[in-house]
Structure formats: C-alpha cells, structure tokens
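Peer 1: Residue numbers (this note's numbering): 77 to 215. Where is the CB? At the ideal position from N, CA and C, for every residue including glycine. Got a structure here, written out as structure tokens. Questions coming.
Right under this line is the structure:
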C-alpha cells in the first residue's frame, strides 16, 4: 500500500468522458418493487510516462427492469520522477486508487454522479442523485 499516491504524479491532470450507455428496459410484468444496484469499477492502463485511469459506474435494477445505465470517465496522470522510478507491477493499482486516489477519483466520481442525475431526469424520471463515493461491494 502506497501512503501518498498523489506524490507519484505531476499535479496536472487531464479528464475526459469515456463512455455513456443508457438502455431503457420494457418489461411485460410490472413489478411494484425494484432494487437498484450500483456497481463501480476502476481500470488502470500504465505506460512508461503516464497512467490512464478509468472509473465506471453501472446502475442495474433487480429484477431486471426500468433501465440500465453505465457512465465512465477517465483521467490521464503523468508520472513525476518518483513515479517513473517506482515498480508499478508490485501493487494492485485499482485497489490503490480506490483507497488512496481521492485526489483524482473524487473529481471523476463527482462528474459521474452529475451525469447520472442529468440523464435519469431527462428521460422523464425523478433524477437519481447518488453520492460520488465508491459503492461498497457485497463480496
């Protein structure tokens, strides 16, 4: 576990919208109760001088119905000298960013939460305003 993950990167960060997928689901049987499941994933791609971080939140209902929505945002982080010298194969980057990456994941999750609220309100539903933190996994 790295203590200060932010110390391995330059301060400049580049953010971008990676992907949005919205599918309305028509069901023949109208259920009275649906459980909303929020699934968060982090993906890291590393190169010699930078790291590409992608955070994705997927919303699904149980039983399947209403809609399925997935929003992914990415960030490009350039390594500083300390980051270029570190052996990144020795750590689980996804877990590191989930636990110690608030300096970048906070911005990504804020953007994802905002888009989810905008998208769900634009399809005639009450907007789903979800907290911008990572969902706690049941596993």
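Which one or two residues does DSSP pair with residue 150 in a beta bridge?
Peer 2: 92 and 130.
Peer 1: Nearest to residue 149 by CA position, among 87, 190 and 199, is which residue?
Peer 2: Comparing Cα positions, the closest option is 190.
Peer 1: In terms of DSSP beta bridges, what is residue 111 paired with?
Peer 2: In DSSP, residue 111 forms a bridge with 138.
Peer 1: Give the range of the alpha helix (DSSP H) segment to which residue 158 is assigned.
Peer 2: From DSSP, the alpha helix (DSSP H) with residue 158 extends over 157 to 161.
Peer 1: Does the segment 157 to 172 come into contact with the segment 197 to 209, if we say contact requires no fewer than three beta-carbon pairs (one atom in each stretch) closer than 8 Å?
Peer 2: Verdict: no, contact absent.
Peer 1: For residue 206, which of helix, strand or coil comes out of DSSP?
Peer 2: The answer is coil: DSSP assigns residue 206 none of H, G, I, E or B.
Peer 1: Shorter than 8 Å from the beta carbon of residue 130 to some beta carbon of chain D?
Peer 2: The structure shown has no chain D; it contains just one protein chain.
Peer 1: Where do the N-terminal and C-terminal ends of the alpha helix (DSSP H) with residue 180 fall, by residue?
Peer 2: 178 to 198 is the extent of the alpha helix (DSSP H) around residue 180.
Peer 1: With 16 as the cutoff for other CB atoms within 10 Å, does residue 115 come out buried or exposed?
Peer 2: Label assigned to residue 115: exposed.
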